[in-house]
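To start, the structure under review is shown below, and the notes come after it.
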Amino acid sequence: MLIRRCIMKNFCFIILPTIIAISILQGFTDKTSLSLTANTIQMDKGAEYNININGKRPGLTYHWTSSDDNVVEVNSKNGIIKAMNYGEALIHCLITDTNGENVNLSSKVTVGVDELSPQLKVNKFDLKPEDEFDINIARKIINSKYKWTSSNKEVIRVKASNGFVTAVGFGEAKVTCTITAPDKHLIVLSATINVRDGSSNIIWEDDFNLEILDSNKWGYEYGYVRNFEMQDYTDRVENAFLRDGHLVLKALKDENGAWTSASVHTNNKLEIGNARIEARIKLPYESGAFPAFWMLGADYEVDYSIQRTRGDSWPEAREIDIIETFGKVSKVQGGVYFIANPNDRYLTQHSAKSNDIDISQFHTYAVEKSDKTIKFYYDNNLYYTHVITDDGLKEPFYILLNLAVGASGGIPDPDISEMEMMVDYVRVTALEGVPVTQVEAITLDINEFRGNIGDVKKVNARLLPLAAQDRTITWISSDPTIATVYGGYVRLLKEGTCTISAISANGITRTLKVICN
């Protein structure tokens, strides 16, 4: 409004009234203008998605919740959801205005993509820096929109339109494809990509990407093995299985209160000299849980095929605990056990604990074993170095993964009926600056074993050169009815003659003659 006022004939002035702008927060002028970008969402386990709000505006508060956090977790402030386990959950967003009026929006989320829906042809793989890869989708939906994103652009870059990825740095990244179908139904697929140095010199690895555990790499323990623990180790699929590219060791309590679980090993399948031994593991944070990733001296004689009973003695063998935990703890422990003096009855322990970590999440645990030291790591952080004084710690070892219950883990809470240990991968690599070295020859300490029925003889094999990292020996009898061999121990069963062969991982062979009188 402009006011013109004249005081005298020749003098006029204009008064401009002061205008004050006041921002008034409005309530819900139109509740129907608010909606979620998707009413139904189907997701791969482990995938993430940010649910947006159509009509979102200032002056309103937004609070997100999930009907089942075990299936889908949601950030209460921003609506980012993460698929945790298979199943269904409702995601709610409570929107409140300044007058206290509410609008509640919801979206149904299903974790698990059915066999008729689009799926990524690979969901877990490794690349080297500068590698390129085209992630293909099976069973595409016509007239749908596809958008690709990377969780870490410093590791993986992806073309938003077609899923073509390029590795640009070391580490791990998750690539997500969000599919918007014509009916506005969303499908969220994801793949995990690990970018590592191509010169890392992998000696042996298992990424657990098969349908079942690879029997060429792993064997099982059976029974009540050691430490007066509560569990009976089995090879049942309920206790040890592969799921989403992970090995799952699962401890279960039955209706009578008895526990079963699983323990797997590489005895007579992989024996390791000096190398880095590493695994990425998620551990149970539960009372009574006693999981371990560890190694035993390869010359320790044990027949893992037999059922063992509670009270069996624990071996006087060299042991390297890469990690173990005891119940609800925030640290992992690593260390070594060995006979310090020939007259000692018990093993000597040297160990240390890590800094505080959340053991219920995936972490990388490793040891680097040389002739001088054994170094212990979590997430590439060195937390303990053991200086080797026992020559036995310089010898080959094999790997074990197990989930025990009780003993050092304590007594499980009465309401706990199951617990899981998940392993993403196990990998053995050459030490930094050391090339992968193959076995060139095998020598045996005897060329012939002659004896009577029931006799047992330990045949010692030596692999050359000593720098060879994979020191696995496969023992084979030409006639197991005459003589069996396990870990180099030859047992005579009936009269006759046969041949025992020692074979290295790369096929080098040495034989000896066996005569049973």
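Residue numbering for the sequence shown follows my numbering, starting at 2 and increasing by one per position. Even glycine gets a Cβ: it sits at the ideal position worked out from N, Cα and C.
C-alpha gap between residue i and residue j, whole angstroms
{"i": "Ser288", "j": "Val406", "result": "9 Å"}
{"i": "Ser191", "j": "Tyr385", "result": "36 Å"}
{"i": "Phe126", "j": "Asn137", "result": "13 Å"}
{"i": "Val196", "j": "Gly170", "result": "7 Å"}
{"i": "Leu493", "j": "Ala484", "result": "5 Å"}
{"i": "Glu496", "j": "Lys458", "result": "16 Å"}
{"i": "His186", "j": "Asn40", "result": "7 Å"}
{"i": "Gly220", "j": "Leu214", "result": "9 Å"}
{"i": "Ser352", "j": "Asn53", "result": "50 Å"}
{"i": "Asn71", "j": "Arg244", "result": "17 Å"}
{"i": "Gly88", "j": "Asp115", "result": "12 Å"}
{"i": "Gln27", "j": "Ile417", "result": "Its pLDDT being 48, under 50, Gln27 is placed unreliably in this model, and the coordinates cannot settle the point."}
{"i": "Thr62", "j": "Cys178", "result": "29 Å"}
{"i": "Cys94", "j": "Leu401", "result": "46 Å"}
{"i": "Asn105", "j": "Ser67", "result": "13 Å"}
{"i": "Met423", "j": "Leu250", "result": "6 Å"}
{"i": "Asn144", "j": "Val159", "result": "22 Å"}
{"i": "Pro436", "j": "Lys141", "result": "45 Å"}
{"i": "Pro481", "j": "Ile474", "result": "18 Å"}
{"i": "Met85", "j": "Ser162", "result": "27 Å"}
{"i": "Ser306", "j": "His266", "result": "12 Å"}
{"i": "Ser505", "j": "Asn268", "result": "14 Å"}
{"i": "Asn103", "j": "His64", "result": "11 Å"}
{"i": "Lys10", "j": "Arg58", "result": "Because Lys10 sits at a pLDDT of 40, beneath the cut-off of 50, its placement in the model cannot be relied upon, and the following sentence gives the value as read from the coordinates. Near 54 Å, if we compare the C-alpha coordinates of Arg58 and Lys10."}
{"i": "Tyr379", "j": "Val368", "result": "9 Å"}
{"i": "Pro119", "j": "Ile42", "result": "13 Å"}
{"i": "Asp255", "j": "Glu239", "result": "12 Å"}
{"i": "Pro18", "j": "Asn153", "result": "Here Pro18 scores only 38 on pLDDT, less than 50, and its place in the model should not be relied on; the value that follows carries that caveat. So the two alpha carbons sit approximately 56 Å from each other."}
{"i": "Ile25", "j": "Gly101", "result": "Unreliable positioning characterises Ile25 in this predicted model, as indicated by a pLDDT of 35, which lies under 50. The coordinate reading is nonetheless provided below. Each residue's Cα considered, the two are about 15 Å apart."}
{"i": "Cys13", "j": "Lys78", "result": "Residue confidence is low: Cys13 scores 46 on pLDDT, short of 50, so the model does not pin down where it sits. No coordinate-derived value is stated."}
{"i": "Thr390", "j": "Ile81", "result": "53 Å"}
{"i": "Tyr225", "j": "Leu253", "result": "14 Å"}
{"i": "Ile194", "j": "Val176", "result": "7 Å"}
{"i": "Gly246", "j": "Ser107", "result": "32 Å"}
In DSSP terms, what residue i is bridged to
{"i": "Trp65", "result": "Cys94"}
{"i": "Pro292", "result": "Leu404"}
{"i": "Leu248", "result": "Leu243, Val424"}
{"i": "Arg511", "result": "Ala503"}
{"i": "Arg281", "result": "Thr365, Tyr426"}
{"i": "Gly192", "result": "Correcting the residue type first, residue 192 is Ala in the shown sequence and not Gly. Its beta-bridge partners are Val176."}
{"i": "Ile477", "result": "Ser502"}
{"i": "Phe165", "result": "Asp135"}
{"i": "Trp260", "result": "Gln232, Lys254"}
{"i": "Ser108", "result": "Ile92"}
{"i": "His266", "result": "Gly220, Leu401"}
{"i": "Asp207", "result": "Val427"}
{"i": "Lys171", "result": "Checking the displayed sequence, the identity of residue 171 turns out to be Phe instead of Lys. In the DSSP output, where bridge partners are listed per residue, Phe171 has none listed."}
CB of residue i within 7 Å of CB of residue j, strictly
{"i": "Glu449", "j": "Lys370", "result": "no"}
{"i": "Ala503", "j": "Ala469", "result": "no"}
{"i": "Phe294", "j": "Leu248", "result": "no"}
{"i": "Ser34", "j": "Gly60", "result": "no"}
{"i": "Gly393", "j": "Arg511", "result": "no"}
{"i": "Ser479", "j": "Thr500", "result": "yes"}
{"i": "Val75", "j": "Ile96", "result": "no"}
{"i": "Asn403", "j": "Asn453", "result": "no"}
{"i": "Ile204", "j": "Asp471", "result": "yes"}
{"i": "Ser264", "j": "Glu222", "result": "yes"}
{"i": "Val156", "j": "Ala174", "result": "yes"}
{"i": "Val189", "j": "Tyr338", "result": "no"}
{"i": "Asp236", "j": "Val427", "result": "no"}
{"i": "Met420", "j": "Ala280", "result": "no"}
{"i": "Ile298", "j": "Glu396", "result": "According to the sequence displayed, residue 298 carries Gly and not Ile. Closer than 7 Å, so yes."}
{"i": "Asp69", "j": "Ala48", "result": "no"}
{"i": "Val460", "j": "Gly489", "result": "yes"}
{"i": "Asp132", "j": "Phe165", "result": "no"}
{"i": "Tyr286", "j": "Lys329", "result": "yes"}
{"i": "Ala168", "j": "Leu117", "result": "no"}
{"i": "Lys270", "j": "Lys218", "result": "yes"}
Proximity test, Cβ basis, 7 Å: residue i and chain C
{"i": "Ala408", "result": "Structure shown: chain C not included; a single protein chain is present."}
Any non-hydrogen atom of the ligand FMN closer than 6 Å to residue i Cβ
{"i": "Tyr378", "result": "For the ligand FMN, the structure offers nothing, since it holds no ligand at all."}
Using a Cβ distance threshold of 8 Å, determine whether the segment 177-197 contacts the segment 396-411, with at least three qualifying pairs required.
no
Just checking, does the segment 320-327 make contact with the segment 434-451 on the three C-beta pairs under 8 Å criterion?
They do not touch, by the three-pair rule.
Can at least three beta-carbon pairs, one atom from the segment 424-440 and one from the segment 269-285, be found at a separation below 8 Å?
yes
Sufficient close CB pairs (3 or more, under 8 Å) joining the segment 350-360 to the segment 410-428
no
For the segment 104-113 against the segment 143-158, are there 3 or more C-beta pairs whose distance is under 8 Å?
no
Is there contact between the segment 374-381 and the segment 250-268, where contact requires at least three CB pairs shorter than 8 Å?
no
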